[in-house]
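Enquirer:
There are 2 protein chains.
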Amino acid sequence: MVLGEFDLIERYFAQVGASPSVKLGVGDDAAVLELPAGHVHLISTDTAVSGVHFLPDAAPNVIAYRTVMAAASDLAAMGANPEAMLLALTLPEANADWLASFAEGVRSASEHASLPLIGGDTTRGPLSVTVTVLGSAPPGHYLTRSGAQPGDRLCVSGTLGDAAAGLFLLEIDDTSVSAADLEFLHQRFLRPTPRLTLGQTLNGVATSAIDVSDGLLADAAHLARLSSVGLTIDPSAIPISVALRAYPDPAQARDWALRGGDDYELLFTLPSHAILPDDCTQIGRVIAGSGVHCDGVLNITGYDHFGR
Amino acid sequence: MVLGEFDLIERYFAQVGASPSVKLGVGDDAAVLELPAGHVHLISTDTAVSGVHFLPDAAPNVIAYRTVMAAASDLAAMGANPEAMLLALTLPEANADWLASFAEGVRSASEHASLPLIGGDTTRGPLSVTVTVLGSAPPGHYLTRSGAQPGDRLCVSGTLGDAAAGLFLLEIDDTSVSAADLEFLHQRFLRPTPRLTLGQTLNGVATSAIDVSDGLLADAAHLARLSSVGLTIDPSAIPISVALRAYPDPAQARDWALRGGDDYELLFTLPSHAILPDDCTQIGRVIAGSGVHCDGVLNITGYDHFGR
Numbered sequence: 020m021v022l023g024e025f026d027l028i029e030r031y032f033a034q035v036g037a038s039p040s041v042k043l044g045v046g047d048d049a050a051v052l053e054l055p056a057g058h059v060h061l062i063s064t065d066t067a068v069s070g071v072h073f074l075p076d077a078a079p080n081v082i083a084y085r086t087v088m089a090a091a092s093d094l095a096a097m098g099a100n101p102e103a104m105l106l107a108l109t110l111p112e113a114n115a116d117w118l119a120s121f122a123e124g125v126r127s128a129s130e131h132a133s134l135p136l137i138g139g140d141t142t143r144g145p146l147s148v149t150v151t152v153l154g155s156a157p158p159g160h161y162l163t164r165s166g167a168q169p170g171d172r173l174c175v176s177g178t179l180g181d182a183a184a185g186l187f188l189l190e191i192d193d194t195s196v197s198a199a200d201l202e203f204l205h206q207r208f209l210r211p212t213p214r215l216t217l218g219q220t221l222n223g224v225a226t227s228a229i230d231v232s233d234g235l236l237a238d239a240a241h242l243a244r245l246s247s248v249g250l251t252i253d254p255s256a257i258p259i260s261v262a263l264r265a266y267p268d269p270a271q272a273r274d275w276a277l278r279g280g281d282d283y284e285l286l287f288t289l290p291s292h293a294i295l296p297d298d299c300t301q302i303g304r305v306i307a308g309s310g311v312h313c314d315g316v317l318n319i320t321g322y323d324h325f326g327r
Numbered sequence: 020m021v022l023g024e025f026d027l028i029e030r031y032f033a034q035v036g037a038s039p040s041v042k043l044g045v046g047d048d049a050a051v052l053e054l055p056a057g058h059v060h061l062i063s064t065d066t067a068v069s070g071v072h073f074l075p076d077a078a079p080n081v082i083a084y085r086t087v088m089a090a091a092s093d094l095a096a097m098g099a100n101p102e103a104m105l106l107a108l109t110l111p112e113a114n115a116d117w118l119a120s121f122a123e124g125v126r127s128a129s130e131h132a133s134l135p136l137i138g139g140d141t142t143r144g145p146l147s148v149t150v151t152v153l154g155s156a157p158p159g160h161y162l163t164r165s166g167a168q169p170g171d172r173l174c175v176s177g178t179l180g181d182a183a184a185g186l187f188l189l190e191i192d193d194t195s196v197s198a199a200d201l202e203f204l205h206q207r208f209l210r211p212t213p214r215l216t217l218g219q220t221l222n223g224v225a226t227s228a229i230d231v232s233d234g235l236l237a238d239a240a241h242l243a244r245l246s247s248v249g250l251t252i253d254p255s256a257i258p259i260s261v262a263l264r265a266y267p268d269p270a271q272a273r274d275w276a277l278r279g280g281d282d283y284e285l286l287f288t289l290p291s292h293a294i295l296p297d298d299c300t301q302i303g304r305v306i307a308g309s310g311v312h313c314d315g316v317l318n319i320t321g322y323d324h325f326g327r
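These protein sequence lines are chains A and B, in that order. Quick note: the first sequence, position 249, residue 268 per our numbering, numbers continuous. Quick note: the second sequence, position 246, residue 265 per our numbering, numbers continuous.
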């Protein structure tokens, strides 16, 4: 089935979500967004490419959901209120079934992350998705990667390594993992939950924050670099889920927790007097110096799409 | 030469343009933009794909310049003040020469369109570029595609067909065109100039506007559809440049003016009492009804990336 571009866009993406901030959505030369008085805009863009970020035959609703949530997670890391998103979709052919599934993923993510779709572009070409998200915050009130101070506590939300385990377990048939654990780990990869509410709670409290998308060690290295500090991590303090703790290869589970990406938890630094929010764990300290120091772990560096 | 992703981004894109609105640029989870009090945000995103929107061996600075300017043209069509842009670049390999040229195009476009680069994403994959532009306007004061009223005059800025001719003449060796005309037409394709100042002039005056990116007839059809009106175009009134008038095949020149894309002029409707701005031409009328009516021209429809 071949549909025209405008049919496609109108059919699947014209009305996904709504918000009083959105004055004009999909269909004109640009969308129009009006924020609460005096608020600033926070904007981030993320691209997912077939064969790099997802397999060419990945379920379209999963591609859509994960790409939107990965972008939304950047807003969480800034402590922003989600406002809206734009979606640029490049696809080799206009297949109605594929698009219906993709649109379902967009719709579901839009709802869960409170991000109405206000614009986009559909082009023909190798499959890729670029999501631009917009959030808001009161002026000067947002979290950055650059505010960590020696003496702060280094903390993380939720548990780490689940998404990497889930991805691995989607690709192989491992009968040693229980059905319930398998389902939990799969969902942690397939349906990530950006920590938008926690980000807003930390706004004005934490001294710095980043979302864990490249893996704990890699994202900690970004935070250390941008804040011009060192970070120590106590490997025994890293929060690991019941499901991942049950994994038969503990060394592998520990490596996923240290290096696995896609958990979309928040890594943040708290002044020593601040109260640790629910479902968060202190895993280390901010120190003077540079780099990330984690007992028994070597080769700590950021994930690099173009590195060797 | 292989560079790490972060090296790349920092080396080429960290500081492209500046503006008092930009509170935080490239390098954190999101960029932060603060608008003049009470202003709304206008946002648009545009993707250009290798082999679809440009040839795989196109000069990187031209790819960058044209993609940014195409996106900026959407802001012009809304009558917005340009504020900032984000750039998502997907490329098969990190070649320093290619990137240096691409960055030069970004820098030049950023300067000409007053759009500081505040964020982006660099990923590995088939070459494509997605540019998201942000503009501002006072609340309720922006141009849309949907306000044309029967009785309004249909007008266009500049001249049409030049970019299509320029693209054609880049690909063949036509000795019948003078060197000066060739240079003019080439530049109209290679270095488009979004009508940002004109858009702001028309803001509050014109009843509707769209930029001519798909071609006059196609974009007129969008305007007619979104405004629920008909449009008549007098083909003899269409403004054609001296260089294009000199083209040895007048029928081809006329077709470029009617159907050629990429001119990035503004097509707009003016109430009958409003003064026509400099460098603009009335080419028709808004009528009750639907569709675009142009004497002697058949098959008027929008350009469609997925059409047959």
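All residues carry an ideal CB built from backbone N, CA and C; glycine is no exception. Predicted model only: the values in this text are computed from it and were never measured.
Whose CA, out of B:I302, B:A50 and B:A265, lies closest to the CA of L162 of chain A?
Expert: For the purposes of this step, residue 162 of chain A is taken as the residue at position 143 of the first sequence. Ranking B:I302, B:A50 and B:A265 by Cα distance to L162 of chain A puts B:A50 first.
Enquirer: Pick out whichever of A:F32, A:S127 and A:A184 has its Cα sitting closest to the Cα of F208 of chain A.
Expert: The residue you call residue 208 of chain A lines up with position 189 of the first sequence. Answer by Cα proximity: A:A184.
Enquirer: How close, in whole Å, do the beta carbons of L110 of chain A and V125 of chain A come, if the pair is a contact with beta carbons under 8 Å?
Expert: As a working mapping, residue 110 of chain A is identified with position 91 in the first sequence. As a working mapping, residue 125 of chain A is identified with position 106 in the first sequence. Contact doesn't hold; Cβ gap of about 13 Å is too wide.
Enquirer: So what does DSSP say about Q168 of chain B, is it helix, strand or coil?
Expert: As a first step, residue 168 of chain B is located in the second sequence; it is residue number 149 there, counting from the start. Q168 of chain B: coil per DSSP, three-state reduction.
Enquirer: Under 7 Å between C-beta atoms, does D140 of chain A make it to chain B?
Expert: Counting from one through the first sequence, the residue named residue 140 of chain A turns up at place 121. For D140 of chain A, the answer is yes, since a Cβ of chain B falls inside 7 Å of its Cβ.
Enquirer: Compute the beta-carbon to beta-carbon distance between G138 of chain B and T66 of chain A, rounded to the nearest angstrom, for a pair I have assumed lies under 8 Å.
Expert: Your numbering for residue 138 of chain B matches position 119 in the second sequence. Your numbering for residue 66 of chain A matches position 47 in the first sequence. Not confirmed; about 12 Å, so no contact.
Enquirer: Can the beta-carbon of D48 of chain B be found closer than 7 Å to that of A225 of chain A?
Expert: Translated into positions along the second sequence, residue 48 of chain B becomes position 29. Translated into positions along the first sequence, residue 225 of chain A becomes position 206. No. Outside cutoff.
Enquirer: Closer than 7 Å by C-beta to D200 of chain A: which residues in its own chain qualify, once you throw out the five before and the five after it? Chain order, please.
Expert: One-based indexing of the first sequence puts residue 200 of chain A at position 181. Only A262 and A265 meet the Cβ criterion.
Enquirer: Check each residue of the segment 34-59 of chain A: if its Cβ is closer than 8 Å to any Cβ of chain B, include it; give the result in chain order.
Expert: If the cut-off is 8 Å between Cβ atoms, the segment 34-59 of chain A has K42, L43, G46, D47, D48, A49, A50, V51, L52, E53, L54, A56, G57 and V59 near chain B.
Enquirer: DSSP on A374 of chain B, reduced to helix/strand/coil?
Expert: Lying outside 20 to 327, the shown extent of chain B, residue 374 of chain B is not represented and no answer is given.
Enquirer: For A128 of chain A, is the classification buried or exposed, using 16 other Cβ atoms within 10 angstroms of its Cβ as the cut-off for buried?
Expert: Looking up residue 128 of chain A in the first sequence gives position 109. Buried.
Enquirer: Output, in sequence order along the chain, the residues in the segment 120-144 of chain A whose CB is closer than 8 Å to any CB in chain B.
Expert: Those would be I137, G138, G139, D140, T141, T142, R143 and G144, in chain order.
Enquirer: So what's L94 of chain A in DSSP terms, helix, strand or just coil?
Expert: By 1-based counting over the first sequence, the position of residue 94 of chain A is 75. DSSP places L94 of chain A in helix when its eight states are reduced to three.
Enquirer: Nearest by alpha-carbon distance to A99 of chain B: which of B:E123, B:I62 and B:A167 is it?
Expert: Translated into positions along the second sequence, residue 99 of chain B becomes position 80. Ranking the options by Cα distance to A99 of chain B, first place goes to B:I62.
Enquirer: Name the chain B residues whose beta carbon is nearer than 7 Å to that of T178 of chain A?
Expert: Against the first sequence, residue 178 of chain A aligns to sequence position 159. Going along chain B, no residue has its Cβ under 7 Å from T178 of chain A, so there is no contact; the nearest lies around 21 Å.
Enquirer: Tell me whether the beta-carbon of T142 of chain A lies closer than 7 Å to the beta-carbon of V150 of chain B.
Expert: Along the first sequence, read from residue 1 onward, the residue named residue 142 of chain A stands at position 123. Along the second sequence, read from residue 1 onward, the residue named residue 150 of chain B stands at position 131. No, the pair does not count as a contact, with Cβ atoms beyond the cut-off.
Enquirer: State buried or exposed for A56 of chain A, treating a residue as buried only when at least 16 other CB atoms are found within 10 Å of its CB.
Expert: Here residue 56 of chain A is taken as the residue at index 37 of the first sequence, counted from 1. A56 of chain A should be labelled exposed.
Enquirer: Taking only beta-carbon atoms, is D314 of chain A less than 7 Å away from chain B?
Expert: As a first step, residue 314 of chain A is located in the first sequence; it is residue number 295 there, counting from the start. False, the Cβ-Cβ gap to chain B never drops below 7 Å.
Enquirer: Excluding the 5 residues flanking G166 of chain A on each side, which residues of the same chain have their C-beta closer than 7 Å to its C-beta?
Expert: Stepping through the first sequence from its first residue, residue 166 of chain A is reached at position 147. Only T226, S227 and S246 meet the Cβ criterion.
Enquirer: Closer than 7 Å by C-beta to L295 of chain B: which residues in its own chain qualify, once you throw out the five before and the five after it? Chain order, please.
Expert: For this step, residue 295 of chain B is matched to residue 276 along the second sequence. Same-chain partners within the cutoff: C174, L289 and Q301.
Enquirer: Going by the CB atoms, is the gap between L217 of chain A and L285 of chain A shorter than 7 Å?
Expert: On the first sequence, position 266 is the one that residue 285 of chain A refers to. On the first sequence, position 198 is the one that residue 217 of chain A refers to. In contact: L285 of chain A and L217 of chain A (Cβ atoms closer than 7 Å).
Enquirer: In whole angstroms, what is the alpha-carbon distance linking I328 of chain A and A270 of chain A?
Expert: Absent from the model: residue 328 of chain A. The displayed extent of chain A is 20 to 327, so no value can be given.
Enquirer: Enumerate in chain order the residues of its own chain whose CB-to-CB distance from D312 of chain B is below 6 Å, with the five nearest sequence positions on each side excluded.
Expert: Translated into positions along the second sequence, residue 312 of chain B becomes position 293. The sequence as given places His at residue 312 of chain B; Asp does not occur at that position. Taken in chain order, the residues that qualify are T251.
Enquirer: Just verifying my parser: in three-state terms, what is the DSSP assignment at V68 of chain B?
Expert: Along the second sequence, one-based indexing puts residue 68 of chain B at 49. In this structure, V68 of chain B counts as strand in the three-state DSSP scheme.
Enquirer: Would a C-beta distance cut-off of 7 Å place P267 of chain A and D314 of chain A closer than the cut-off?
Expert: Residue 267 of chain A sits at position 248 when you count from the first residue of the first sequence. Residue 314 of chain A sits at position 295 when you count from the first residue of the first sequence. Not closer than 7 Å, so no.
Enquirer: In angstroms, rounded to a whole number, what distance separates the CA positions of V196 of chain B and L204 of chain B?
Expert: Indexing the second sequence from 1 puts residue 196 of chain B at position 177. Indexing the second sequence from 1 puts residue 204 of chain B at position 185. One C-alpha to the other measures close to 10 Å.
Enquirer: May I have the straight-line CA-CA distance separating L52 of chain A from S40 of chain A, to the nearest angstrom?
Expert: In the first sequence, residue 52 of chain A corresponds to position 33, counting from 1. In the first sequence, residue 40 of chain A corresponds to position 21, counting from 1. The straight-line gap from Cα to Cα measures roughly 5 Å.
Enquirer: Please return the same chain residues whose Cβ sits closer than 8 Å to the Cβ of S155 of chain A, not counting the five positions on each side in sequence.
Expert: One-based indexing of the first sequence puts residue 155 of chain A at position 136. Only S40, L54, P55, H58, V59, H60, L61, A99, N100 and E102 meet the Cβ criterion.
Enquirer: Would you say A77 of chain B lies against chain A (beta-carbon separation less than 7 Å)?
Expert: Residue numbering aside, residue 77 of chain B sits at position 58 when the second sequence is read from its first letter. False, the Cβ-Cβ gap to chain A never drops below 7 Å.
Enquirer: Under 7 Å, Cβ to Cβ, is there at least one residue of chain B near R85 of chain A?
Expert: Along the first sequence, one-based indexing puts residue 85 of chain A at 66. Chain B contact via Cβ: absent.
Enquirer: Take P145 of chain A and list the residues in its own chain whose beta-carbon comes closer than 8 Å to its own, dropping the five residues that flank it on each side.
Expert: For the purposes of this step, residue 145 of chain A is taken as residue 126 along the first sequence, with counting starting at 1. V68, S69, T109 and P111.
Enquirer: Where does S291 of chain A land, buried or exposed, given buried means 16+ other C-beta within 10 angstroms?
Expert: Start at 1 with the first residue of the first sequence, and residue 291 of chain A comes out as number 272. Looking at its Cβ environment, which holds fewer than 16 other Cβ atoms inside 10 Å, S291 of chain A is exposed.
Enquirer: Below 8 Å on C-beta distance, what does T220 of chain B contact in chain A?
Expert: Position 201 of the second sequence, counting from 1, holds the residue named residue 220 of chain B. Neighbours of T220 of chain B on chain A: none; closest Cβ ~16 Å, over 8 Å.
Enquirer: Measuring CA to CA, which of A:K42, A:G177, A:L242 and A:H72 is closest to G310 of chain A?
Expert: Within the first sequence, numbered from 1, the residue matching residue 310 of chain A stands at position 291. With distances taken between Cα atoms, G310 of chain A lies closest to A:L242.
Enquirer: List the residues of chain B that I229 of chain A touches, going by C-beta distances under 9 Å, in chain order.
Expert: On the first sequence, residue 229 of chain A is found 210 positions in, with the first residue counted as 1. Ordered by position in chain B, the residues that pass the 9 Å Cβ test against I229 of chain A are D47 and D48.
Enquirer: Does the beta carbon of T194 of chain A sit closer than 7 Å to a beta carbon anywhere in chain B?
Expert: Numbered from 1 along the first sequence, position 175 holds the residue referred to as residue 194 of chain A. No - not a single Cβ of chain B is within 7 Å of the one on T194 of chain A.
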